[in-house]
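Reviewing the structure listed below.
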Amino acid sequence: EAQVTQNPRYLITVTGKKLTVTCSQNMNHEYMSWYRQDPGLGLRQIYYSMNVEVTDKGDVPEGYKVSRKEKRNFPLILESPSPNQTSLYFCASSASGTLEQYFGPGTRLTVT
Amino acid sequence: GENVEQHPSTLSVQEGDSAVIKCTYSDSASNYFPWYKQELGKGPQLIIDIRSNVGEKKDQRIAVTLNKTAKHFSLHITETQPEDSAVYFCAADLLAAGNKLTFGGGTRVLVKP
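For the protein sequence lines, the chains are B and W, in the order given. In this text, residue positions in the first sequence follow my numbering: the first is 17, and each later residue adds one. In this text, residue positions in the second sequence follow my numbering: the first is 2, and each later residue adds one.
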């Protein structure tokens, strides 16, 4: 089944404790992206990647890191999480030359 | 950068009635306007999209209209059904810049049986 998977789905952590949210897609898509969803703000792009080893900042990159060492994986790293990063996070992918983005199921992160 | 505003934030309709969600965008260069539907506990899913060279597009019970001059576009759902209950997001994109969608704030639609 073609899909985007994220792990973990739920995470409660404390301020300053490094964490990684994994994202993997099995559709051989070139483009991958991370969004955060907050009430009333819709989805805001954090980082995106056009292909392996090619990443760029989105609209709200502060406090986040990403890497794209393999085509299928695009992990999101929070080196020192803070409470304002409490949010619902989505990973998405799309094939080069196409427009539809396929979203993962989301990761709900709470930072206390 | 692009800014997309979406109204209303919540919409309650009776089953069988129509629902309309409106969005405005700020960047006149944007040329691609998708709509995503997010069901509870799931990620958003594309339901319909329109490019700037088209004024209207329809797919069964859903339709999207675009007014480039006024920089606004709308989603129309006719004969609403309970399974249409979800959060809907509009978005705008400049295709030449890659898949960089700017989303509206979302509309929670509740279809009452």
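Ideal Cβ placement from N, Cα and C applies to all residues, glycine included.
Counting only the Cα atoms, Val14(W) lies some 45 Å from Val68(B). According to the DSSP secondary-structure assignment, Leu35(B) is paired through a beta bridge with Leu94(B). C-alpha of Lys85(B) to C-alpha of Glu80(W): approximately 47 Å in a straight line.
Listed in chain order, the positions of the stretch 79-109 of chain W with a beta carbon within less than 9 Å of a beta carbon of chain B are Phe90, Cys91, Ala92, Asp94, Leu96, Gly99, Asn100, Lys101, Leu102, Thr103, Phe104, Gly105, Gly106, Gly107. Here Ser10(W) is not near Asn32(W), since their CB atoms are 8 Å or more apart. With respect to chain B, the C-beta atom of Lys72(W) has no partner C-beta closer than 8 Å. Apart from sequence neighbours up to five positions away, the residues of its chain that approach Ala18(B) with a beta-carbon distance below 6 Å are Met43, ordered along the chain. In the structure shown, Gln101(B) falls within a helical segment according to DSSP collapsed to helix, strand and coil. With a cut-off of 8 Å on Cβ pairs, the stretch 41-59 of chain W is in contact with the stretch 110-125 of chain B, counting three or more such pairs. Scanning its chain for C-beta atoms nearer than 8 Å, with the 5 sequence neighbours on each side dropped, one finds around Ser27(W) the residues Glu3, Asn4, Val5, Lys72, in chain order.
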